[in-house]
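The block underneath contains the structure these notes are about, expressed in structure tokens.
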Amino acid sequence: MIRLPSTHAAITAPLVSSSVRFPGIPIGRSLLDGRLFSLSPVQTDAALLPSTNSLALGGLGSGKSTTAKTRIRREIVENGHQAVVIDSFGEDQSGEWAALTRSLGGRVIEAGSFTLNPCSSLFPPEVREQLVRSLIAAVEPGALTPQSTYALQHALTHPKATSLNGVMDALVRPEDGRWPAAKLTEWGEGVAIALSRYTEGSLRGLFDGQDASLPETDLPILSFDFSRLDRNSPAIPSLMAAVSCWAEQVWLPQSTAVHRHLVLEEAWQILLSPSTAELIQRLLKNSRKASLSLDVVMHTLSDLGEGKAQDLAKLCEIAHVGRLGPEEAATVGALLGLPAWAVERIPGLGPGQAVWKVGPDYVDIIQTVLTEEEARLTDTSTRRRKAQQALAADLDTIEEPAPHEQDQDDAEHDDLPTEHLPAAVEPLLPEGVGVEAEDWDWEMPPNVIDTRHQDALQAAREGRCSEAADLAALGERQDIAAHGINSDQAVSWLATRAKVAELCGNLDQAIQLRATVARMGKDVEWFEQTEGARTEPQWHRGPEPAVPEAPNGYMEPVKKQRRTWPYVATIAALAVAVGAVWQNAADDKEERQQAEKAAAYKGISAVNVDIDGVTAQASADWSKDGTSVVLSVWVDSREEPRFVRIDSGDQKAQEELAPLKEGQFPMPTHLEVKVPVEDRHQAVQMTVAVGGKDWKKSTRAPGRTIEFRPDRTAIDAETGKSLKQYYSHL
Numbered sequence: 074m075i076r077l078p079s080t081h082a083a084i085t086a087p088l089v090s091s092s093v094r095f096p097g098i099p100i101g102r103s104l105l106d107g108r109l110f111s112l113s114p115v116q117t118d119a120a121l122l123p124s125t126n127s128l129a130l131g132g133l134g135s136g137k138s139t140t141a142k143t144r145i146r147r148e149i150v151e152n153g154h155q156a157v158v159i160d161s162f163g164e165d166q167s168g169e170w171a172a173l174t175r176s177l178g179g180r181v182i183e184a185g186s187f188t189l190n191p192c193s194s195l196f197p198p199e200v201r202e203q204l205v206r207s208l209i210a211a212v213e214p215g216a217l218t219p220q221s222t223y224a225l226q227h228a229l230t231h232p233k234a235t236s237l238n239g240v241m242d243a244l245v246r247p248e249d250g251r252w253p254a255a256k257l258t259e260w261g262e263g264v265a266i267a268l269s270r271y272t273e274g275s276l277r278g279l280f281d282g283q284d285a286s287l288p289e290t291d292l293p294i295l296s297f298d299f300s301r302l303d304r305n306s307p308a309i310p311s312l313m314a315a316v317s318c319w320a321e322q323v324w325l326p327q328s329t330a331v332h333r334h335l336v337l338e339e340a341w342q343i344l345l346s347p348s349t350a351e352l353i354q355r356l357l358k359n360s361r362k363a364s365l366s367l368d369v370v371m372h373t374l375s376d377l378g379e380g381k382a383q384d385l386a387k388l389c390e391i392a393h394v395g396r397l398g399p400e401e402a403a404t405v406g407a408l409l410g411l412p413a414w415a416v417e418r419i420p421g422l423g424p425g426q427a428v429w430k431v432g433p434d435y436v437d438i439i440q441t442v443l444t445e446e447e448a449r450l451t452d453t454s455t456r457r458r459k460a461q462q463a464l465a466a467d468l469d470t471i472e473e474p475a476p477h478e479q480d481q482d483d484a485e486h487d488d489l490p491t492e493h494l495p496a497a498v499e500p501l502l503p504e505g506v507g508v509e510a511e512d513w514d515w516e517m518p519p520n521v522i523d524t525r526h527q528d529a530l531q532a533a534r535e536g537r538c539s540e541a542a543d544l545a546a547l548g549e550r551q552d553i554a555a556h557g558i559n560s561d562q563a564v565s566w567l568a569t570r571a572k573v574a575e576l577c578g579n580l581d582q583a584i585q586l587r588a589t590v591a592r593m594g595k596d597v598e599w600f601e602q603t604e605g606a607r608t609e610p611q612w613h614r615g616p617e618p619a620v621p622e623a624p625n626g627y628m629e630p631v632k633k634q635r636r637t638w639p640y641v642a643t644i645a646a647l648a649v650a651v652g653a654v655w656q657n658a659a660d661d662k663e664e665r666q667q668a669e670k671a672a673a674y675k676g677i678s679a680v681n682v683d684i685d686g687v688t689a690q691a692s693a694d695w696s697k698d699g700t701s702v703v704l705s706v707w708v709d710s711r712e713e714p715r716f717v718r719i720d721s722g723d724q725k726a727q728e729e730l731a732p733l734k735e736g737q738f739p740m741p742t743h744l745e746v747k748v749p750v751e752d753r754h755q756a757v758q759m760t761v762a763v764g765g766k767d768w769k770k771s772t773r774a775p776g777r778t779i780e781f782r783p784d785r786t787a788i789d790a791e792t793g794k795s796l797k798q799y800y801s802h803l
């Protein structure tokens, strides 16, 4: 875990986030104090987080979709969750979730290539009626009258009404019922014309055809790709309604995953439609008992207007807000109850950075951290990067003029306005990936000088202390994100903040900050020094202000020299003393923690877990040299397992048991994998999936994730509850 010194975090934000730690998948690190931020909402205590639904907001390039995709991927890979994505935007005629979905073994369902049957017998009768009515309302809102609604209800009871075309036939040629067929034909004419848009018109093939069916429910992830459809097409809300009904009535009851996610990308298109907003609202309210999380991703709340659609955002207990404009940030802050300091930070957030609000009280600023594979799978800016790379290539191919020609050109164009010159172009990198000096494709132009330190100091000299502190805090966060916490660029801000504090009269804080720099092994003023006879400005500061020439006859008054060296010596002595005290205290605490770990170390942990009616004995055994752990599971044949699998990191093992043949002796099932660890005190996780005697090969076997610890303890990673040790294995 990366942690900033307490003084480093004290000025970085006016309010440090809560000390609460959440269980689950790692997401990134805090920009307030450098702590690792993890969160799996379903694993969090309901007292802290009553609902597991989330809302992601942010402008273009803010990284909201990247964070959402990374969260879903890690929940599926590490916790065995399932996800259904409604994806309506992407590049090159493909949804932006397509690459991630295929990498996880899921399926991308493209609108037009798959026909959803709204009249499937898997839907209850009342759901079929609601769904067909929503299709009609999407294309002809005025077609549904009391008479036409009755005609539709009568048609849906006809034996032909197993497809949309069958419903059309029953509307056009109804049989006598409570009212005669002639009157039913007259009443049903308007809704029949509306439905003809889906059977014969421009929306043909979406809901009616020979292959009309419903998607499978046992895949780890399904992505409904609507990116090829016109965003203003009535097909969008119609498909949303169909998918939402399928998710509620078919997918949720049949899915065997421990938890499910319904992801709404570009959610404003869904929530603005009255027919689908009602369905989503019902899912939101019933999500807890349905073991479902709705993950809503969109640009701004303004897209929803001020009606009921915006009220749905209040039902989300988790929100992460990326970069937005000041006005939109204020609106979001008021609706979500964000503190003022967090709202002020939103307009200045970088890619992959977001203000997170978890539950009623926890607020933090988090930088999403990605692996190289995740950055590749979640990248949605390939076109922009290609354009930038093409521009860089063009710039590289421009021939440099001869020295005398360049001097002549410079002389001719010295008086051109500088605003017409092209700005330096930064290559676009995936969110969360740090930028190192060697990653640049070309050198930084020599006229780009970092003036941030000088700006902060100048503000302090002019008495604008609050502004100076904010400038220093902003610069510090930027350099931490770009260069790392312990880089010279990041640590240099401690010295700048010390100068700001000193100029503003806060000597105690200045001493504390300088002591922190000294404790980190740096000379307090090392970044002020130049090498040899260099005369150019230091890397961290801008050009020094020009000194005005004195008028003729002016004599500079002789200043009285002050004896400052005693004060400097006193400050330095105090700084060293304070730093020594802090270092000793930290060393003592670390020694105590190491001693406690050593005393508690047993090197083994074993538990019994019940999965799908089968008792499995799972254990972890640390090697003597502390570099690896053997994870294993043992199941008695009398438990009649049909399938057993274990996963830990990249290691996995499984066995599918066939029925015993005549004369065959039953044998217990024993699987094991070996995983590396950094040290002997590191905890490890293993997911155990077991299919009982009624398990079928076409279904996903239920599982549990266990975190083993070398002090002979273990917890259920999904609930956080301790598991009883199985002592015969110890």
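Here the sequence shown is numbered in the numbering used here, starting from 74 and rising by one per residue. A virtual CB, placed ideally from N, CA and C, is assigned to each residue, including glycine. All values derive from a computational prediction rather than experimental measurement.
Element boundaries [alpha helix (DSSP H), containing residue i]
i           : result
residue 399 : 399-409
residue 698 : Counting along the chain, residue 698 falls outside any alpha helix (DSSP H), and DSSP gives it neither H nor E.
residue 728 : Element bounds for residue 728: not the alpha helix (DSSP H) but the beta strand (DSSP E), 724-729.
residue 242 : 237-245
residue 814 : Residue 814 falls outside the range modelled here, since the chain spans only 74 to 803, and no answer is possible.
residue 109 : Careful: residue 109 lies outside any alpha helix (DSSP H), inside the beta strand (DSSP E) at 109-111.
Contacts around residue i, its chain only, beta-carbon distance under 6 Å, and the 5 residues preceding and following it disregarded
i           : result
residue 749 : 701
residue 810 : This structure cannot speak to residue 810, because the chain is shown only from 74 to 803.
residue 478 : In this prediction, residue 478 scores a pLDDT of 46, lower than 50, which makes its location untrustworthy; no coordinate-derived value is stated.
residue 129 : 137, 141, 370, 393
residue 93  : 435
Span of the beta strand (DSSP E), counted from its first residue to its last, around residue i
i           : result
residue 426 : 426-431
residue 130 : 127-130
residue 198 : Here residue 198 belongs to no beta strand (DSSP E); instead the alpha helix (DSSP H) covers 198-212.
residue 103 : 99-103
residue 534 : It is not in any beta strand (DSSP E) - residue 534 instead sits in the alpha helix (DSSP H) that spans 525-534.
residue 789 : 786-789
residue 556 : Premise fails: residue 556 lies in the alpha helix (DSSP H), 538-556, not in any beta strand (DSSP E).
Cβ shell of residue i (< 8 Å), same chain only, five flanking positions each side left out
i           : result
residue 76  : With a pLDDT of 41 at residue 76, under the threshold of 50, the modelled position of this residue cannot be trusted; read the value that follows with caution. Taken in chain order, the residues that qualify are 106, 107, 108.
residue 572 : 530, 533, 583
residue 756 : 780, 781, 782, 783
residue 488 : For residue 488, the pLDDT reaches just 39, beneath the cut-off of 50, and the residue's location in the model is therefore unreliable, leaving the point undetermined.
residue 279 : 184, 185, 188, 189, 271, 308, 311, 312
residue 202 : 225, 226, 229
residue 247 : 224, 227, 228, 231, 254, 257, 258, 261
residue 713 : 687, 765, 766
CB of residue i within 7 Å of CB of residue j, strictly
i           : j           : result
residue 139 : residue 524 : no
residue 160 : residue 338 : yes
residue 746 : residue 724 : yes
residue 717 : residue 742 : yes
residue 760 : residue 720 : yes
residue 330 : residue 155 : yes
residue 151 : residue 98  : yes
residue 335 : residue 367 : yes
residue 243 : residue 234 : yes
residue 126 : residue 374 : no
residue 293 : residue 149 : yes
residue 96  : residue 793 : yes
Beta-carbon proximity list for residue i, same chain, < 7 Å, skipping 5 on both sides
i           : result
residue 785 : 675, 677, 678, 798, 803
residue 624 : At residue 624, the pLDDT of 45 sits below 50, so the modelled position is not reliable; the number obtained from the coordinates is stated separately. No residues qualify anywhere along the chain.
residue 324 : 157, 290
residue 590 : 564, 567, 568, 597
Chain C within 7 Å of residue i, Cβ atoms only
i           : result
residue 148 : Among the protein chains of the structure shown there is no chain C, as only one such chain exists.
Residues bridged to residue i [DSSP beta-bridge criterion]
i           : result
residue 681 : 690
residue 158 : 296, 336
residue 360 : Answer by DSSP bridge pairing: none, since residue 360 is not bridged.
residue 366 : 334
residue 782 : 786
residue 319 : According to DSSP, residue 319 bridges with nothing at all.
residue 184 : 187
Using 8 Å as the Cβ pair cut-off and three pairs as the minimum, do the segment 143-150 and the segment 441-449 touch?
yes
Under 8 Å, with one C-beta from each stretch per pair, do the segment 310-318 and the segment 204-220 reach the 3-pair mark?
yes
Could you tell me whether the segment 221-239 touches the segment 171-185, where touching means 3 or more Cβ pairs closer than 8 Å?
no
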